[in-house]
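Here is the structure we will look at.
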Amino acid sequence: MRQCSQTAQMFKLLIRGNRRITLTEEGMLLRKRAQEIMELVDKTESELGNMNEVINGDIYIGSGETDAMRLIAKVVKKLQEEHPHIQYHLYSGNADDVMERLDKGLLDFGVIIGSASI
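Oh and the sequence shown: position 52 is 52 in the UniProt record's numbering, straight run, nothing missing.
Put into structure tokens, the structure is as follows:
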């Protein structure tokens, strides 16, 4: 924690104006990374809490904002009926966002339409 505090002191994170405070680019990056860390913490806690005999858990699926997301939602609804103890989390974003979340372990599956370099 001390090292984190020292690192924060090395970068200007906020811009103070007359009536408002805004984040610098460094501040926005720090906020984004903190959100990703918290999502991973939540996912890990959920996975650890669901380790018993019943088939359960969380599945994180990402897709571009296309008709594919409608199909995924229909399939998830049917799967939810068959496996009520599984929680499905759908993320909609552009292809780069979905790939980034896959790389960081924030998504279990990603559906991207078009060409992508993996």
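C-beta atoms are modelled at their ideal positions from N, C-alpha and C, and glycine is treated no differently.
This one's a predicted model, so the numbers in the text were calculated from it and none came from an experiment.
Closest to residue 105 by C-alpha separation, out of 36, 30, 31, would be which residue?
36
Alpha helix (DSSP H) segment containing residue 24, residue limits
It is not in any alpha helix (DSSP H) - residue 24 carries neither H nor E in the DSSP assignment.
Do residue 98 and residue 68 have their CB atoms nearer than 8 Å?
no
Identify the continuous alpha helix (DSSP H) that holds residue 72 and give its terminal residues.
67 to 82
Which same chain residues, not among the five before or five after residue 113, have their C-beta less than 7 Å away from its C-beta?
64, 66, 68
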